[in-house]
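Undergrad: Quick one: the structure is below, questions incoming.
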Amino acid sequence: MLIHNSSLADEIYALNAIYGEGQFVATYSDAHHTTVSMRLPGLSYSFLLHVLDNYPQSPPKVLGVDNLVESLKQEVQQNAVYLGACVQAVHSCETVCLYDAIEEFQTVYTVLQAHTRQSRDPREDAQLNSAKRAIILKDLAARARAKASAGGHESITTDSRFDVVDCVVCMDAFFRVDVVSLECRHLFYGARNMFKTRSEIKCCGQSVPLKVIREHGGLDAEAVDVLAHWLEEVHAPNPVYCPWEDCLAHIPSFWVKGDYVKCPFCKKRMCMGCRGKEHSGLCMRDKKLERLIKRQKWKFCPDCGHLVERKEGCNHMTCVCSSEFCYRCGKTWERSGPTCDCGFFRPLD
Numbered sequence: 001m002l003i004h005n006s007s008l009a010d011e012i013y014a015l016n017a018i019y020g021e022g023q024f025v026a027t028y029s030d031a032h033h034t035t036v037s038m039r040l041p042g043l044s045y046s047f048l049l050h051v052l053d054n055y056p057q058s059p060p061k062v063l064g065v066d067n068l069v070e071s072l073k074q075e076v077q078q079n080a081v082y083l084g085a086c087v088q089a090v091h092s093c094e095t096v097c098l099y100d101a102i103e104e105f106q107t108v109y110t111v112l113q114a115h116t117r118q119s120r121d122p123r124e125d126a127q128l129n130s131a132k133r134a135i136i137l138k139d140l141a142a143r144a145r146a147k148a149s150a151g152g153h154e155s156i157t158t159d160s161r162f163d164v165v166d167c168v169v170c171m172d173a174f175f176r177v178d179v180v181s182l183e184c185r186h187l188f189y190g191a192r193n194m195f196k197t198r199s200e201i202k203c204c205g206q207s208v209p210l211k212v213i214r215e216h217g218g219l220d221a222e223a224v225d226v227l228a229h230w231l232e233e234v235h236a237p238n239p240v241y242c243p244w245e246d247c248l249a250h251i252p253s254f255w256v257k258g259d260y261v262k263c264p265f266c267k268k269r270m271c272m273g274c275r276g277k278e279h280s281g282l283c284m285r286d287k288k289l290e291r292l293i294k295r296q297k298w299k300f301c302p303d304c305g306h307l308v309e310r311k312e313g314c315n316h317m318t319c320v321c322s323s324e325f326c327y328r329c330g331k332t333w334e335r336s337g338p339t340c341d342c343g344f345f346r347p348l349d
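The sequence shown begins at 1 in full-length UniProt numbering and counts up one residue at a time.
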């Protein structure tokens with residue numbers, strides 16, 4: 001393909017000689033701009049660059065990657081941001097810059113990859129990699145913004161993806177594109193690994209929204225649906241379970257209507273009065289359970305009605321619904337003053 005920009009044509013020829021024939025290809029070119037496909041060592045996808053006809057006066061812009069499936073991955077999106085910052089950081093109006101940008105990107109990529117690997121001495125290497133990571137990202141962002149401002153390119157100076165922020169968990173520095181931002185304005189990194197290793201993640205006492213999990217959790221749609229159902233079960237004020245031995249599933253609140261409920265999983269009916277199997281005649285509530293609750297001195301949450309058992313510790317209880325109350329008298333816990341006269345460790349009567 002004929003590349004209209006002679007400087008870019010010469011640069012692509014030189015890059016193919018360095019990195020291998022066919023790794024840098026112009027996929028489109030006219031008098032206004034050229035689109036370049038750039039495959040870097042160690043990556044399974046190619047970056048797409050938008051190069052204006054006045055290059056090298058204007059810096060190339062990273063459009064994304066050529067593979068749709070790969071483009072949906074968070075790591076690939078991050079790498080595109082890093083490459084864009086590297087291009088901007090090394091850009092010069094007087095000479096071509098792709099080789100220097102690639103070398104810069106490979107340095108950043110190597111350090112960031114090392115940051116996620118386990119090492120022989122995790123504590124020492126983690127501190128070293130963390131320090132290197134913070135220095136590299138902050139330096140890269142500063143140089144990119146400085147070059148953009150000097151060259152009159154305002155887009156990168158206002159692009160929040162290049163903000164370097166600190167994770168509230170590990171206190172490491174990251175580009176904003178790497179972290180998850182919650183409604184409480186806390187930022188944390190490693191969301192994908194956390195969602196895969198923990199059933200529920202909370203911040204400021206609230207469960208992380210499913211929208212965040214879908215976007216950053218790296219889970220397939222089926223896994224997210226399972227998690228959503230489990231979260232509903234955990235936080236339901238008064239959860240209902242199918243009483244039939246071959247099912248025993250949690251029945252979502254949407255299906256709980258009337259005195260009798262049909263389980264959406266096994267299609268059998270249950271009585272909401274006694275929470276047992278469907279039966280004829282009047283419902284007799286479970287007297288055995290009531291006697292057990294009284295004997296064990298279990299308590300009900302004053303907000304959601306969950307049955308709560310204290311095995312050890314003080315009288316300050318926190319329910320699964322996040323409500324706090326005194327286990328001894330049942331009053332809602334007051335943070336601004338004393339809740340009651342029960343005391344933290346006064347035993348039940």
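Don't be surprised by glycine CBs; every beta carbon is placed ideally from N, CA and C.
1) Alpha carbon to alpha carbon, how far is lysine 311 from arginine 335? Give it in angstroms, no decimals.
2) Cα separation between isoleucine 18 and cysteine 97?
3) Would you identify the three-state DSSP class for leucine 210, choosing helix, strand or coil?
4) Count the other CB atoms within 10 Å of the CB of lysine 277; is the residue buried (16 or more) or exposed (fewer)?
5) In terms of alpha-carbon separation, which member of Ser6, Phe24, Thr35 and Leu48 lies closest to threonine 95?
6) Would the stretch 64 to 82 count as touching the stretch 40 to 51 if we require 3 or more Cβ pairs under 8 Å?
7) Quick check on DSSP: helix, strand or coil for cysteine 271?
8) Contact check, valine 62 vs leucine 40 under 8 Å by CB: the rounded distance?
9) Exposed or buried, what is lysine 299 when buried is set at 16 or more other beta-carbons lying within 10 Å of its beta-carbon?
10) Would you kindly work out how many angstroms separate the C-alpha atoms of alanine 101 and histidine 91, rounded to a whole number?
11) Could you have a look at leucine 248 and say whether DSSP puts it in helix, strand or coil?
12) Let me make sure I understand the geometry here. Which of Pro252, Cys242 and Cys247 has the alpha-carbon closest to that of isoleucine 231?
13) Counting along the chain, where does the alpha helix (DSSP H) carrying alanine 14 start and finish?
14) Report the partner residues of alanine 26 according to the DSSP bridge assignment.
15) Buried or exposed: where does valine 108 fall if 16 or more other Cβ atoms within 10 Å of its Cβ makes it buried?
16) Counting along the chain, where does the beta strand (DSSP E) carrying histidine 50 start and finish?
17) Does the Cβ of serine 29 have 16 or more other Cβ atoms within 10 Å, making it buried, or fewer, making it exposed?
18) Hey, how far is the Cα of cysteine 304 from the Cα of alanine 249?
19) Going by Cα to Cα distance, which pick from Ala31, Lys73 and Ala221 is closest to aspartate 53?
20) Here's the rule: buried if 16 or more other CB atoms are within 10 angstroms of the residue's CB, otherwise exposed. What is proline 56?
21) Pick out the complete beta strand (DSSP E) segments inside the stretch 273 to 349, 3 residues or longer, and give them in chain order.
22) Between the Cα of lysine 331 and those of Pro243, His316 and Cys266, spot the shortest distance and give me the residue it belongs to.
23) Buried or exposed for cysteine 301, please, with buried defined as at least 16 other CB atoms from any protein chain shown within 10 angstroms of its CB.
24) Is the beta carbon of threonine 35 closer than 8 Å to that of histidine 4?
25) Suppose you measure from the CA of glutamine 118 to the CA of alanine 80; what does that come to, to the nearest Å?
26) Check this for me: beta carbons of aspartate 246 and cysteine 266, under 8 Å apart or not?
27) Hey, arginine 214 and valine 226: beta-carbon distance below 8 Å or not?
28) Alanine 26 to glycine 20, Cα distance in whole Å?
29) Is it buried or exposed, phenylalanine 344, if we count other Cβ atoms within 10 angstroms and call 16 or more buried?
TA: Short version:
1) Against the sequence shown, residue 335 aligns to sequence position 335. Against the sequence shown, residue 311 aligns to sequence position 311. The straight-line gap separating the alpha-carbon atoms of arginine 335 and lysine 311 is approximately 23 Å.
2) By 1-based counting over the sequence shown, the position of residue 18 is 18. By 1-based counting over the sequence shown, the position of residue 97 is 97. About 15 Å.
3) Position 210 of the sequence shown, counted from the first residue, corresponds to residue 210. Helix at leucine 210.
4) Counting from 1 along the sequence shown, the entry for residue 277 is found at position 277. Its Cβ having fewer than 16 others within 10 Å, lysine 277 is exposed.
5) Here residue 95 is taken as the residue at index 95 of the sequence shown, counted from 1. The option with the nearest alpha carbon to threonine 95 is Ser6.
6) yes
7) Reading the sequence shown from its first residue, position 271 is the one you call residue 271. Strand.
8) On the sequence shown, residue 62 is found 62 positions in, with the first residue counted as 1. On the sequence shown, residue 40 is found 40 positions in, with the first residue counted as 1. The Cβ separation is near 12 Å, so there is no contact.
9) Taking the sequence shown and counting its residues from 1, the one referred to as residue 299 is at position 299. Buried, by the Cβ-count rule.
10) The residue you call residue 101 lines up with position 101 of the sequence shown. The residue you call residue 91 lines up with position 91 of the sequence shown. Cα to Cα, alanine 101 sits roughly 8 Å from histidine 91.
11) Along the sequence shown, one-based indexing puts residue 248 at 248. Looking at leucine 248 - three-state DSSP - the assignment turns out to be coil, as it is neither helix nor strand.
12) As a position in the sequence shown, residue 231 is number 231, starting the count at 1. Residue identity differs from the one stated: residue 231 is leucine in this sequence, not isoleucine. Of the candidates Pro252, Cys242 and Cys247, the one whose C-alpha sits nearest the C-alpha of leucine 231 is Pro252.
13) The count along the sequence shown starts at 1 and reaches residue 14 at position 14. Counted as a single uninterrupted DSSP element, the alpha helix (DSSP H) harbouring alanine 14 occupies residues 6 to 19.
14) For the purposes of this step, residue 26 is taken as the residue at position 26 of the sequence shown. Checking the DSSP bridge columns, you'll see alanine 26 partnered with Val36.
15) Taking the first residue of the sequence shown as 1, we reach residue 108 at position 108. Classification of valine 108: buried, given that the 10 Å Cβ count is 16 or more.
16) Along the sequence shown, read from residue 1 onward, the residue named residue 50 stands at position 50. It spans 46 to 52 - the beta strand (DSSP E) in which histidine 50 sits, taken as one unbroken run.
17) On the sequence shown, position 29 is the one that residue 29 refers to. By the 10 Å Cβ count, serine 29 comes out buried.
18) Working through the sequence shown from its first residue, we reach residue 304 at position 304. Working through the sequence shown from its first residue, we reach residue 249 at position 249. Each residue's alpha carbon lies about 20 Å from the other.
19) As a first step, residue 53 must be located in the sequence shown, where it is residue number 53. Cα-wise, what sits closest to aspartate 53 is Ala31.
20) Counting from one through the sequence shown, the residue named residue 56 turns up at place 56. It is buried - the Cβ of proline 56 has at least 16 other Cβ atoms within 10 Å.
21) 316 to 318 and 324 to 326
22) Residue 331 sits at position 331 when you count from the first residue of the sequence shown. Nearest to lysine 331 by C-alpha distance, out of Pro243, His316 and Cys266, is His316.
23) Position 301 of the sequence shown, counted from the first residue, corresponds to residue 301. Buried: at least 16 other Cβ atoms inside 10 Å.
24) Counting from 1 along the sequence shown, the entry for residue 4 is found at position 4. Counting from 1 along the sequence shown, the entry for residue 35 is found at position 35. In this structure, threonine 35 does not lie closer than 8 Å to histidine 4 by Cβ.
25) Counting from one through the sequence shown, the residue named residue 118 turns up at place 118. Counting from one through the sequence shown, the residue named residue 80 turns up at place 80. Confidence at glutamine 118 is low in this model, with a pLDDT of 46, below 50, so the placement of that residue is unreliable and no value is reported for it.
26) Numbered from 1 along the sequence shown, position 246 holds the residue referred to as residue 246. Numbered from 1 along the sequence shown, position 266 holds the residue referred to as residue 266. Contact: yes.
27) For the purposes of this step, residue 214 is taken as residue 214 along the sequence shown, with counting starting at 1. For the purposes of this step, residue 226 is taken as residue 226 along the sequence shown, with counting starting at 1. For arginine 214 and valine 226, no; Cβs fall outside 8 Å.
28) Taking the sequence shown and counting its residues from 1, the one referred to as residue 26 is at position 26. Taking the sequence shown and counting its residues from 1, the one referred to as residue 20 is at position 20. Using only the alpha carbons, I get a separation of about 15 Å.
29) Mapped onto the sequence shown, residue 344 falls at position 344. Exposed, because fewer than 16 other Cβ atoms sit within 10 Å of the Cβ of phenylalanine 344.
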